[in-house]
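*Asks:* Taking UniProt numbering, I'd label the letters of the sequence shown as residues 1 to 244.
For each residue, glycine too, the CB sits at the ideal point set by N, CA and C.
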Amino acid sequence: MAKKRLGWKAVWLLFLKLMLSLFLISIVWVLLYRWVAPPATLHMVQRRAEAGTAEKENPEISYTFVSLEEMSPQLPLAVVASEDQLFLQHSGFDFNAIWDAFKRNNKGGNIRGGSTISQQVAKNVFLWHGRSYFRKAVEAYFTVLIEVLWGKERIMEVYLNIAEMGDGVFGVEAASQKFFNKPASEVGRQQAALLAAVLPNPIRYSANKPSSYVRTRRGRIAQAMRRLGGTTYIDKILPQKDEK
1 MAKKRLGWKA
11 VWLLFLKLML
21 SLFLISIVWV
31 LLYRWVAPPA
41 TLHMVQRRAE
51 AGTAEKENPE
61 ISYTFVSLEE
71 MSPQLPLAVV
81 ASEDQLFLQH
91 SGFDFNAIWD
101 AFKRNNKGGN
111 IRGGSTISQQ
121 VAKNVFLWHG
131 RSYFRKAVEA
141 YFTVLIEVLW
151 GKERIMEVYL
161 NIAEMGDGVF
171 GVEAASQKFF
181 NKPASEVGRQ
191 QAALLAAVLP
201 NPIRYSANKP
211 SSYVRTRRGR
221 IAQAMRRLGG
231 TTYIDKILPQ
241 KDEK
């Protein structure tokens with residue numbers, strides 16, 4: 001019996017060491033991306049593999065990381081208006097939206113999420129896509145980490161760089177160059193709203209040849225941007241310009 005107890009104690013200590021190691025690795029990983037641009041995400045790798053399997057003419061992924069200072073302020077405003085209007089108020093989770101999504105999904109039909117921008121960043125940067133409860137739990141863990149260790153400005157910066165906005169097109173810089181032939185710094189309100197309009201399904205919806213649904217959605221997002229008060233609504237996360 002003593003040997004059996006000793007064996008369980010060893011297993012328990014090994015488990016604790018494993019959990020502590022995973023915790024420390026996750027902290028270092030998140031802190032690294034606080035200052036360093038993610039070279040790629042699992043979703044990008046998956047999309048590249050799918051393109052190669054489908055034998056597309058151009059299976060390469062378009063991805064160029066730029067700072068928030070190199071983006072038009074209309075871009076963060078557009079995704080806040082479209083995806084998460086309480087982004088600056090919540091601490092990573094919009095529990096009312098999550099509860100509403102849960103009730104809608106229980107009624108059947110198309111599955112709809114209640115994820116915040118912070119949750120989407122946690123999922124797209126650190127995790128795989130899926131709908132298991134385990135993945136959602138790990139997503140919640142990383143959401144807390146980036147809220148604490150990154151802050152809202154960095155979360156928004158990373159989101160606008162890693163969100164897929166077209167077939168294999170990731171981030172606002174690659175999307176602006178491909179669809180508008182201009183850098184992200186020169187994007188206006190309507191163009192920013194158009195990029196935000198395709199975010200729910202960038203494979204089905206196109207910013208290059210927007211359908212009537214996408215154009216209608218763009219108009220609604222542009223109205224929401226005006227209703228929020230324009231870029232003053234997101235002043236807290238906009239880079240401060242040096243006074244001359």
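Along the chain, where does the alpha helix (DSSP H) containing A52 start, and where does it finish?
*Replies:* Residue numbering aside, residue 52 sits at position 52 when the sequence shown is read from its first letter. At residue 52 the sequence reads Gly, which differs from the Ala that was named. Per DSSP, G52 belongs to the alpha helix (DSSP H) from 42 to 53.
*Asks:* Is the CB-CB distance between S72 and V158 below 7 Å?
*Replies:* The sequence position of residue 72 within the sequence shown is 72, counting from 1. The sequence position of residue 158 within the sequence shown is 158, counting from 1. Not closer than 7 Å, so no.
*Asks:* What is the DSSP secondary structure of L20, counted as helix, strand or coil?
*Replies:* The residue labelled residue 20 in the question sits at position 20 within the sequence shown. Helix at L20.
*Asks:* Could you spell out the range, first to last residue, of the beta strand (DSSP E) harbouring M71?
*Replies:* Sequence index remark: in the sequence shown, residue 71 carries index 71 (1-based). Per DSSP, M71 belongs to no beta strand (DSSP E) and is neither H nor E.
*Asks:* Can you check which of these residues, L18, V28, M44, F65, is closest to H146 by C-alpha distance?
*Replies:* Walking along the sequence shown from the start, residue 146 turns up at place 146. First, the residue type needs correcting, since residue 146 is Ile and not His in the sequence shown. It is V28.
*Asks:* Look at R47 and G171 and say whether their C-beta atoms are less than 7 Å apart.
*Replies:* Start at 1 with the first residue of the sequence shown, and residue 47 comes out as number 47. Start at 1 with the first residue of the sequence shown, and residue 171 comes out as number 171. Note that the C-beta distance between R47 and G171 is not below 7 Å.
*Asks:* Checking 7 Å against the spacing of the C-beta atoms, do L195 and A224 come in under that value?
*Replies:* Within the sequence shown, residue 195 is the residue found at index 195, counting from 1. Within the sequence shown, residue 224 is the residue found at index 224, counting from 1. Contact flag unset, no.
*Asks:* Can you give the Cα-Cα distance for I111 and L199, rounded to whole angstroms?
*Replies:* In the sequence shown, the residue the question calls residue 111 occupies position 111. In the sequence shown, the residue the question calls residue 199 occupies position 199. Confidence at I111 is low in this model, with a pLDDT of 49, below 50, so the placement of that residue should be treated as unreliable; the coordinate-derived value is given next. Spanning the two alpha carbons is a distance of roughly 16 Å.
*Asks:* Take K244 and list the residues in its own chain whose beta-carbon comes closer than 6 Å to its own, dropping the five residues that flank it on each side.
*Replies:* For the purposes of this step, residue 244 is identified with residue 244 of the sequence shown, where counting begins at 1. Caution applies to K244, whose pLDDT of 39 falls short of 50 and renders its modelled position unreliable; the value that the coordinates give is listed next. None.
*Asks:* Assuming Y233 contacts L77 (C-beta within less than 8 Å), just tell me the rounded distance between them.
*Replies:* One-based indexing of the sequence shown puts residue 233 at position 233. One-based indexing of the sequence shown puts residue 77 at position 77. Their Cβ separation, rounded to whole angstroms, is 7 Å, which keeps Y233 and L77 in contact under 8 Å.
*Asks:* What are the boundary residues of the alpha helix (DSSP H) that E164 is part of?
*Replies:* Taking the sequence shown and counting its residues from 1, the one referred to as residue 164 is at position 164. Here E164 belongs to no alpha helix (DSSP H); instead the beta strand (DSSP E) covers 164 to 166.
*Asks:* DSSP on F87, reduced to helix/strand/coil?
*Replies:* The residue you call residue 87 lines up with position 87 of the sequence shown. In this structure, F87 counts as coil in the three-state DSSP scheme.
*Asks:* Under 7 Å Cβ to Cβ from S91, same chain only, skipping five residues before and after it: list those, please.
*Replies:* Along the sequence shown, read from residue 1 onward, the residue named residue 91 stands at position 91. So the qualifying residues of the chain are E147.
*Asks:* Distance check for E139 and K9, CA to CA, integer angstroms please.
*Replies:* Stepping through the sequence shown from its first residue, residue 9 is reached at position 9. Stepping through the sequence shown from its first residue, residue 139 is reached at position 139. Approximately 30 Å, taken between the alpha carbons.
*Asks:* Does the Cβ-Cβ distance between A193 and I221 come in under 7 Å?
*Replies:* Here residue 193 corresponds to residue number 193 of the sequence shown, with the count starting at 1. Here residue 221 corresponds to residue number 221 of the sequence shown, with the count starting at 1. Contact flag set, yes.
*Asks:* Determine the direct distance from the alpha carbon of K178 to that of V36, and round the result to whole angstroms.
*Replies:* As a first step, residue 36 is located in the sequence shown; it is residue number 36 there, counting from the start. As a first step, residue 178 is located in the sequence shown; it is residue number 178 there, counting from the start. Those two C-alpha atoms are separated by around 25 Å.
*Asks:* What residue does the alpha helix (DSSP H) around I117 start on, and which one ends it?
*Replies:* Counting from one through the sequence shown, the residue named residue 117 turns up at place 117. That run of the alpha helix (DSSP H) goes 117 to 126.
*Asks:* Going by CA-CA distance only, name the one from Y133, R131, G7, D94 that's closest to S118.
*Replies:* Start at 1 with the first residue of the sequence shown, and residue 118 comes out as number 118. Measuring from the Cα of S118, the nearest candidate turns out to be D94.
*Asks:* Using CA coordinates, which residue listed in R135, E70, F126 is at the minimum distance from P239?
*Replies:* For the purposes of this step, residue 239 is taken as residue 239 along the sequence shown, with counting starting at 1. Closest option to P239, Cα to Cα, is E70.
*Asks:* May I ask you to report which of helix, strand or coil DSSP gives Y63?
*Replies:* Against the sequence shown, residue 63 aligns to sequence position 63. Three-state result, Y63: strand.
*Asks:* Candidates F142, L228, R131: which alpha carbon is nearest V125's?
*Replies:* What you label residue 125 is simply residue 125 of the sequence shown in a count that begins at 1. It is F142 whose Cα lies nearest to the Cα of V125.
*Asks:* Can you tell me the Cα-Cα spacing of L22 and R131, whole angstroms?
*Replies:* Here residue 22 is taken as the residue at index 22 of the sequence shown, counted from 1. Here residue 131 is taken as the residue at index 131 of the sequence shown, counted from 1. Looking at the two C-alpha atoms, the distance is approximately 22 Å.
*Asks:* Anyone know if the C-beta pair for R34 and L149 falls short of 7 Å?
*Replies:* Taking the sequence shown and counting its residues from 1, one reaches residue 34 at position 34. Taking the sequence shown and counting its residues from 1, one reaches residue 149 at position 149. Contact flag set, yes.
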